[in-house]
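Colleague:
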Amino acid sequence: MKSGLIVINFLILIQITKQNCIRQSNNLNSLLKRNHQNVLSYQSGALISSKNINYFQYGNSGVALKDEIYEILPLGEYFQYCYLGQSISIKLLQKYLLNKLKIWFWDYGYRHNQGIRYYDIIVYAKLDKGKNIIYDSNLAISLMTIEFPDQFVEEFQILNVGGNTYNTFLHIMKVEAYYKFS
């Protein structure tokens, strides 16, 4: 009887310990995956690391890290842009496990009697000194969602390879990155 109680107490102790380990592991994974939250925003601590070579239409309000998607002004829209051969780089506060990137390109050409703009870009996900190409095309339009294999990322770099169908600029209105569970 006494040995049976010892075994039961031992099994209960193992179960409690196992549950605490699982809880700690889940907390760590939710921190790294950010629980579906956008890690490319002011609140998440992301920075435009290429700010010295980029241009912001209408000042700092044109930064792609803002929470609003579109804010139309009497003179135009807020956006961030760079010239041909340059890039817009966004550095994260820390390394995150990510698999999805959304980019809103400037798409108000209809206001100037233009058709759809297609952007020619390459998108890199960088970690430490290495970088992986997660998107390479000349058909990027409006709202584009890039899904890539799960990987740790500390910076995204969007390279302007060929501008767009109407000029040589890369215009970005907003970016988001997060981990999407499959």
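With mature numbering (1 follows the signal peptide of the UniProt record, and there is no 0) applied, the sequence shown corresponds to residues -19 to -1, 1 to 163, in that order. Cβ atoms here follow ideal geometry from the backbone N, Cα and C, with glycine treated the same way.
Considering Cα atoms alone, identify which of T146, Q18, K110, E136 is closest to A121.
Modeller: That would be T146, whose Cα lies nearest to the Cα of A121.
Colleague: Please list the segments of the beta strand (DSSP E) lying wholly inside the stretch 96 to 120, counting only runs of 3 or more residues, in order along the chain.
Modeller: Listed in chain order, the complete beta strand (DSSP E) runs (minimum 3 residues) inside the stretch 96 to 120 are 100 to 108.
Colleague: How about E157 and L21: are their beta carbons less than 8 angstroms apart?
Modeller: Their beta carbons are under 8 angstroms apart, which means E157 touches L21 by this criterion.
Colleague: Residues bridged to S70 by DSSP?
Modeller: Answer is Q138, bridged to S70.
Colleague: For M154 and G143, what's the separation of their Cα atoms in angstroms?
Modeller: Taking the straight line from one Cα to the other gives about 18 angstroms.
Colleague: Roughly how many whole angstroms lie between the Cα atoms of Y89 and R98?
Modeller: Distance between the alpha carbons of Y89 and R98 is about 9 angstroms.
Colleague: Report the rounded CA-to-CA distance for I84 versus S25, giving the unit in angstroms.
Modeller: Roughly 17 angstroms between the two C-alpha positions.
Colleague: Start and end of the beta strand (DSSP E) containing Y159?
Modeller: Counting along the chain, the beta strand (DSSP E) containing Y159 begins and ends at 151 to 159.
Colleague: Got a sec, what are the start and stop residues for the beta strand (DSSP E) F60 sits in?
Modeller: Element bounds for F60: 60 to 63.
Colleague: Check I122 in the structure and name its three-state DSSP category.
Modeller: The answer is coil: DSSP assigns I122 none of H, G, I, E or B.
Colleague: Does the beta-carbon distance from S70 to Q18 come in below 8 angstroms?
Modeller: Taking 8 angstroms as the Cβ cut-off, S70 and Q18 do not qualify as a contacting pair.
Colleague: Just grab the DSSP bridge partners of N145 for me.
Modeller: Bridge partners of N145: Y100.
Colleague: With hydrogens ignored, establish whether the beta-carbon of T146 is closer than 7 angstroms to any heavy atom of the ligand GTP.
Modeller: This structure lacks the ligand GTP; in fact it carries no ligand of any kind.
Colleague: Whose C-beta lies closer than 6 angstroms to the C-beta of L82 among residues of the same chain, with five residues either side of it excluded?
Modeller: The answer, listed in chain order, is I127, A158.
Colleague: In whole angstroms, what separates the C-alpha of Q75 from that of A27?
Modeller: Distance between the alpha carbons of Q75 and A27 is about 9 angstroms.
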